[in-house]
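Laid out in structure tokens, this is it:
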């Protein structure tokens, strides 16, 4: 079963705009990760944020985590056509030793 | 260093057959996890192996099995294939045990089509 659900399911923007994706999850977690998947390929790790962290940056990526609301957001600033991909959040719940993926957001960036 | 290598990349089988997929992790990585990805169910955890031992298993029937060799390479097997087994099977490796605590490096996947 899915631990996380991403919102929106799909997002279309123009190059240069910012893209924001949200992830909600159900149980307490140790960490939350974001991955990107280009069409039909493997996933690429983007960023990991621990449960005691509230915000993390990596290049054009900004991730926030609100454990009280059980939610996270991924912001991609100044998007590029190459950012077109599906983005997944993945959680590491306290009571398991598994990484559980959300449903994903399909991002389309038009040149 | 070489990434995670999965073979074969594409395969077509018929119902009732069995299939074996292979995964070679990044050199030095001892943990290998397997995921099934379908449009309907998304990414579902299958199992994790560390040092030749299965550490975790997802909610899949016994037709799905796996193993890990002493060189950390892993195989998964699906017997008595069903149409619903059509999916992209992804393998991921990490340097330490515990797929949740660590960053995973994924292979490109094996696309299985069951006719």
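Residue numbers (the working numbering), protein chains in the order written: chain A, 1 to 111; chain B, 112 to 226.
Idealized CB from N, CA, C, for every residue including glycine.
Please read all numbers here as calculations on a predicted model, not as lab measurements.
Interface flag, residue 18(A) vs chain B, CB-CB below 8 Å: Output row for residue 18(A): interface = no.
Rounded Cβ spacing between residue 196(B) and residue 225(B) (contact assumed at less than 8 Å): Between the beta-carbon of residue 196(B) and that of residue 225(B) there is about 5 Å, and that keeps the pair under the 8 Å contact cut.
is_contact[residue 166(B), chain A] using C-beta, thresh 8 Å: It does; some Cβ of chain A falls within 8 Å.
Delimiting residues of the beta strand (DSSP E) encompassing residue 52(B): Residue numbering for chain B in the displayed model covers 112 to 226; residue 52(B) lies beyond these limits and cannot be assessed.
Minimum Cβ-Cβ distance from residue 103(A) to chain B less than 8 Å: By this cut-off, residue 103(A) is an interface position.
Reduced DSSP secondary structure (H/G/I, E/B, other) of residue 129(B): The answer is coil: DSSP assigns residue 129(B) none of H, G, I, E or B.
Cβ-Cβ separation, residue 75(A) to residue 62(A) (assumed contact under 8 Å), whole Å: Right, the Cβ-Cβ distance comes to about 4 Å (below 8 Å), so this counts as a contact.
Segment contact, 8 Å Cβ cut-off, at least three pairs: the segment 122-131 of chain B with the segment 75-88 of chain A: Cβ pair count under 8 Å is below three, so no.
Boundaries of the beta strand (DSSP E) in which residue 72(A) is found, first to last residue: 71-76 is the extent of the beta strand (DSSP E) around residue 72(A).
Beta-carbon proximity list for residue 222(B), same chain, < 6 Å, skipping 5 on both sides: So the qualifying residues of the chain are 121 and 199.
Beta-carbon contacts of residue 38(A) that lie in its chain and below 6 Å, excluding the five residues immediately before and after: So the list reads 85, once near-sequence residues are dropped.
Assigned secondary structure, residue 195(B) (DSSP; H/G/I helix, E/B strand, else coil): Residue 195(B) falls in the helix class under three-state DSSP.
For residue 97(A), the three-state DSSP class (helix, strand or coil): Looking at residue 97(A) - three-state DSSP - the assignment turns out to be coil, as it is neither helix nor strand.
Residue 160(B) vs residue 147(B) beta-carbon contact at 8 Å: Result no, Cβ atoms of residue 160(B) and residue 147(B) do not sit closer than 8 Å.
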